[in-house]
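Enquirer: Throughout, our numbering is defined as the position within the sequence shown, counted from one, plus 9.
Backbone N, C-alpha and C define an ideal beta-carbon position, used for all residues, glycine too.
None of these values were measured; they are calculated from a predicted model.
Just dropping this structure here.
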Amino acid sequence: MKQYRILWADDEIDLLRPHVLFLEKKGYEVITVNNGDDALEKCQNEHFDIVFLDENMPGKSGLDTLLEIKDISAELPVVMITKSEEENIMEQAVGRKISDYLIKPVNPNQILLSIKKNIEEKQIVEDHTIQNYQSEFQKIAMQINFANNFDDFKDVYRKLVNWELRLAQSNKSLDELLLMQKNEANSTFCKYICRNYEEWFGKNKDNRPMMSHDIFKTKIFPLLDAGEKVFLIVIDNFRYDQWRVIREMLTDFYKLDEEDLYCSILPTATQYSRNAIFSGLMPLQIKEMYPQYWIEEEEEEGKNLYEKELIQTQLDRFRKKYTFSYYKVNESQYGKKLIETIPNMLQNDFNTIVFNFVDMMSHARTESKIIRELAGNEAAYRSLTASWFLHSSTIDFFRTLAEKKVKVVITTDHGTIHVDNAIKVIGDKNTNVNLRYKVGKMLNYNPKEVFEIKNPKKIGLPAPNLSSTYIFAQNSDFMAYPNNYNYYVSYYQNTFQHGGISLEEMILPVVTLSPK
C-alpha cells in the first residue's frame, strides 16, 4: 500500500505532536515546518500528497503561502487551518483553490477525514465501485436471462450504461467482465427483436413499445396542447450513454422533467428512423402517402431533404395549427448564428433543431486514423462527444435557451455500435452500402447470421423491387463483400456503425427539460 506524504506548516507545530503521532500510526509520513518560507522550500524540493497550512503564521501568511504553493504545484491539495471564521478569509482561501477549510481547534479525526476526502477518495470510491459491481453482476445476469419485454431490456440497458460510466472512472480490471455481460445482453436483446418485431406491426401492435413514429404524438403534442413553447433537439446518432455524459453539463441550468427510452424502427439509419420521427409514419406509409418526400436507396439524391415538409404533414394529419421552424446544424459556425436566431424562434409554437456533429464524428472515425486514435474505445468516444458539447457553440445554445420559459425535448434517431465481427454477404450493384443492413433483390447470405425480412411490408418498409429482402446485422457484426474481403474487413473492423439490431442502436433517449 502506498505511504502518503503530508506536509504540515504551523507556527505551533510542537503543540500538534499528538495529531502527528496519530497520523503516523495510521501509516502516513508527516513532515512538519513552522513557517511559510520553509513550507515553500519543502514543496520545491520534495513530493507531497497533501499540505496542511496554518492561516495565521508570523512572516509569510498562510494565504500568501497558499498562492505560492499553487504556483509550484497547482494540483497539490492544500487544507487551510485557521482560528478565524471571518467570511472574507474563507472566500480568499476558496478563491485561491484550497481543497478544504478547517477551524481550530481540530481533532485527529477531522484531519484524517480531510486526508481521505482529498487524496484517498478516488481509491476508496474505486474499490467500492468494483465491489458493488461484483455483487451486482449476478443480479444483472438474472435480469438478462429473464427479460421478456421491452421495459425489461430498458432496465437492463440503463444498469449496464450506469456501470459502464462508473467503472470507466475506476481501473480497467473489470472491463472484460462488463463487456462480456454487455455482449450477453445484446445477444438476448437481438433474439427478442427477431421473435417480436414483426408482431409489433401485426397482431401485437397494441403492446409494442414507443417507437420512432410515436415521438411527436407522445412527447411533443401533449406539451404543445398544454400551451408550452417547445424546442425539439434531435442529435443524430446519439446513444443513451452519450446523453448521460452531457446530462451532467446541463444540470446547472435545467431540471430534468422526464428521462425516457424509446425503440428505434429498423433499419436504425437516418433515412428511415429520422423520417419516421418527423412524419409520424413508417417509411412505407411515407412512400405511399407522400411519394414526393421519399427517396429510394439506389437514388443519388440526399435521403433527408424533406424533414421540414414531413413535420408539416404530421401537423396537418393531426389537425394541429402550431407554427414551427426547422434548422439543421452541420458546423460550429452555423451553431453560433443559431443562437442569434433564438428571438425569432420564440415567435413559433415549437422549433426543431437537428445537430449532426455526433454522426459526423462517427463517420470521420471510420475514415480518419487520427479520429480513430482519439476515439479508440467506448470511453474515448463518449469523451469526444462531451468535448464537442462543452467546447462548441452547442452548450451556449442550450444555456441561452435556458433563459427562456420553454420546454426542451432532446432525442435522437438512432444510436451506433462498435463492430468487430465480419459476416459475408453478396449483393448486386444496386444493393445499398450500409454495413449493418442490406436491402436488395439478389442477396446471398447465411440466414442464421442475420435477421431477414422477405416481406418488407410486414414491418412498414418499402420494397424497391417485388423480390426485395431486408437483412439486419446483430450484436457487433458487420457485413462484408467477398471481393477484396481481407482489406474490407481490416478497414471497417473496430469502427462504429449503425443500421442493425443492438441495445446501443435501438434503445434511445427521449428527454424533457425545463429551465431552472
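1) Name the two residues that bound the continuous alpha helix (DSSP H) containing LEU25.
2) Pick from ASN246, ILE59, SER196 and ILE40: whose alpha carbon is nearest that of GLU84?
3) Let me know the secondary structure DSSP gives GLY449 once reduced to three states.
4) Tell me where the alpha helix (DSSP H) around PHE230 begins and ends.
5) Taking ASP20 and MET89 to be in contact with their CB atoms under 8 Å, please state how far apart those CB atoms are, rounded to whole angstroms.
6) Given this structure, state the Cα-to-Cα distance separating GLY311 from LYS79, to the nearest angstrom.
7) Using the C-alpha atoms, what's the distance from PHE230 back to LYS148?
8) Quick one: give me the first and last residue of the beta strand (DSSP E) that GLN506 is part of.
9) Taking three-plus beta-carbon pairs below 8 Å as touching, is the stretch 397 to 407 in contact with the stretch 425 to 440?
10) To the nearest angstrom, how far is the alpha carbon of GLU173 from that of TYR142?
11) Cβ of PRO524 within 8 Å of Cβ of TYR263?
12) With LEU259 as the anchor, note down where its alpha helix (DSSP H) starts and where it stops.
13) Which residues mark the beginning and the end of the alpha helix (DSSP H) in which ILE286 is found?
14) Taking all protein chains shown into account, decide if MET220 is buried (16 or more other Cβ within 10 angstroms of its Cβ) or exposed.
15) Can you give me the C-alpha to C-alpha distance between GLU50 and LEU122, rounded to a whole angstrom?
16) Let me know the secondary structure DSSP gives ASP73 once reduced to three states.
17) Identify whether ILE304 lies in helix, strand or coil by the three-state DSSP scheme.
18) Using beta-carbon positions only, say whether TYR206 and LEU275 come within less than 8 Å of one another.
19) From the DSSP output, in three-state form, read off ASP437 for me.
20) Under 8 Å, do THR7 and SER371 count as touching if we go by C-beta distance?
21) How close, in whole Å, do the beta carbons of ASP368 and ASP245 come, if the pair is a contact with beta carbons under 8 Å?
22) Check whether the Cβ atoms of TYR239 and LEU232 sit closer than 8 Å, and answer yes or no.
23) Quick one: is GLY344 buried, meaning 16 or more other Cβ sit within 10 Å of its Cβ, or exposed?
24) Just how far apart, CA to CA, sit CYS52 and SER70?
25) Are PHE198 and PHE162 close, meaning C-beta to C-beta below 8 Å?
26) Out of ALA150, ASN455, GLN152 and PHE505, state which residue places its alpha-carbon closest to the alpha-carbon of LEU391.
27) Going straight from the alpha carbon of THR227 to that of VAL520, what length do you get?
28) Look at TYR446 and GLY508 and say whether their C-beta atoms are less than 8 Å apart.
29) Reducing DSSP to helix, strand and coil, say where VAL165 ends up.
30) Between LYS35 and the rest of its own chain, which residues show a CB-CB distance below 7 Å, the 5 nearest in sequence each way excluded?
31) Please classify SER144 as buried or exposed, where buried requires at least 16 other C-beta atoms within 10 Å of its C-beta.
32) So, for ASN439: in the same chain, excluding its five sequence neighbours on each side, which residues have a beta-carbon less than 6 Å away from its beta-carbon?
33) With respect to the alpha helix (DSSP H) encompassing MET515, which residues constitute its N-terminal and C-terminal limits?
34) Measure from the alpha carbon of ASP164 to the alpha carbon of each residue in MET151, ARG175 and LEU176, then state which is nearest.
35) Alpha carbon to alpha carbon, how far is PRO114 from HIS28?
36) Relative to the alpha-carbon of TYR13, which residue among ILE112, THR260, ASN493 and ASN127 has its alpha-carbon at the smallest distance?
Expert: Let me lay it out:
1) For the purposes of this step, residue 25 is taken as the residue at position 16 of the sequence shown. Looking at the DSSP string, LEU25 is not in any alpha helix (DSSP H), and its letter there is neither H nor E.
2) Position 75 of the sequence shown, counted from the first residue, corresponds to residue 84. Considering only alpha carbons, the answer is ILE59.
3) Your numbering for residue 449 matches position 440 in the sequence shown. Correct three-state label for GLY449: strand.
4) Residue 230 sits at position 221 when you count from the first residue of the sequence shown. From DSSP, the alpha helix (DSSP H) with PHE230 extends over 230 to 234.
5) By 1-based counting over the sequence shown, the position of residue 20 is 11. By 1-based counting over the sequence shown, the position of residue 89 is 80. ASP20 to MET89, Cβ: 14 Å. No contact.
6) What you label residue 311 is simply residue 302 of the sequence shown in a count that begins at 1. What you label residue 79 is simply residue 70 of the sequence shown in a count that begins at 1. The straight-line gap from Cα to Cα measures roughly 55 Å.
7) Sequence index remark: in the sequence shown, residue 148 carries index 139 (1-based). Sequence index remark: in the sequence shown, residue 230 carries index 221 (1-based). Each residue's Cα considered, the two are about 38 Å apart.
8) Indexing the sequence shown from 1 puts residue 506 at position 497. 504 to 506 is the span of the beta strand (DSSP E), which, as asked, contains GLN506.
9) no
10) Along the sequence shown, one-based indexing puts residue 173 at 164. Along the sequence shown, one-based indexing puts residue 142 at 133. Cα-Cα distance, rounded: 10 Å.
11) Mapped onto the sequence shown, residue 524 falls at position 515. Mapped onto the sequence shown, residue 263 falls at position 254. Contact flag set, yes.
12) Within the sequence shown, the letter at position 250 stands for residue 259. From DSSP, the alpha helix (DSSP H) with LEU259 extends over 249 to 259.
13) For this step, residue 286 is matched to residue 277 along the sequence shown. Where ILE286 is concerned, the enclosing alpha helix (DSSP H) stretches over 279 to 288.
14) The sequence position of residue 220 within the sequence shown is 211, counting from 1. Classification for MET220: buried.
15) Within the sequence shown, the letter at position 41 stands for residue 50. Within the sequence shown, the letter at position 113 stands for residue 122. C-alpha separation (whole angstroms): 27 Å.
16) For the purposes of this step, residue 73 is taken as residue 64 along the sequence shown, with counting starting at 1. ASP73 falls in the helix class under three-state DSSP.
17) Taking the first residue of the sequence shown as 1, we reach residue 304 at position 295. Here ILE304 sits in coil by DSSP.
18) Within the sequence shown, numbered from 1, the residue matching residue 206 stands at position 197. Within the sequence shown, numbered from 1, the residue matching residue 275 stands at position 266. A contact, by the Cβ cut-off of 8 Å.
19) For the purposes of this step, residue 437 is taken as the residue at position 428 of the sequence shown. In the structure shown, ASP437 sits in coil (DSSP, three-state: anything other than H, G, I, E or B).
20) The shown model of the chain, from 10 to 525, leaves out residue 7, and the question about it has no answer.
21) Translated into positions along the sequence shown, residue 368 becomes position 359. Translated into positions along the sequence shown, residue 245 becomes position 236. Right, their Cβ atoms sit about 4 Å apart.
22) The count along the sequence shown starts at 1 and reaches residue 239 at position 230. The count along the sequence shown starts at 1 and reaches residue 232 at position 223. It should be noted that the sequence gives Val, not Tyr, for residue 239. Result yes, Cβ atoms of VAL239 and LEU232 sit closer than 8 Å.
23) Translated into positions along the sequence shown, residue 344 becomes position 335. Per the 10 Å Cβ criterion, buried.
24) Position 43 of the sequence shown, counted from the start, is the residue given in the question as residue 52. Position 61 of the sequence shown, counted from the start, is the residue given in the question as residue 70. C-alpha separation (whole angstroms): 16 Å.
25) Counted from its first residue, the sequence shown places residue 198 at position 189. Counted from its first residue, the sequence shown places residue 162 at position 153. In contact: PHE198 and PHE162 (Cβ atoms closer than 8 Å).
26) Position 382 of the sequence shown, counted from the first residue, corresponds to residue 391. One point to set straight first is that residue 391 is Arg, not Leu, in the sequence displayed. Checking every option, the nearest Cα to that of ARG391 belongs to PHE505.
27) Along the sequence shown, one-based indexing puts residue 227 at 218. Along the sequence shown, one-based indexing puts residue 520 at 511. So the alpha carbons of these two residues sit roughly 12 Å apart.
28) Residue mapping note: residue 446 aligns to position 437 of the sequence shown, counting from 1. Residue mapping note: residue 508 aligns to position 499 of the sequence shown, counting from 1. Yes, they are a contact pair.
29) Here residue 165 refers to the residue found at position 156 of the sequence shown. Helix at VAL165.
30) The sequence position of residue 35 within the sequence shown is 26, counting from 1. Excluding positions up to five away in sequence, the list reads LEU121.
31) The residue you call residue 144 lines up with position 135 of the sequence shown. By the neighbour-count rule (16 or more Cβ atoms within 10 Å), SER144 is not buried but exposed.
32) Indexing the sequence shown from 1 puts residue 439 at position 430. If we look at ASN439 and ignore the five residues flanking it on each side, its Cβ neighbours are GLU307.
33) As a first step, residue 515 is located in the sequence shown; it is residue number 506 there, counting from the start. MET515 -> alpha helix (DSSP H) spans 512 to 515.
34) Sequence index remark: in the sequence shown, residue 164 carries index 155 (1-based). Checked all of MET151, ARG175 and LEU176; the closest Cα to ASP164 is MET151.
35) Taking the sequence shown and counting its residues from 1, the one referred to as residue 114 is at position 105. Taking the sequence shown and counting its residues from 1, the one referred to as residue 28 is at position 19. Approximately 11 Å between the Cα atoms of the pair.
36) Here the question's residue 13 lines up with position 4 in the sequence shown. Measuring from the Cα of TYR13, the nearest candidate turns out to be ASN127.
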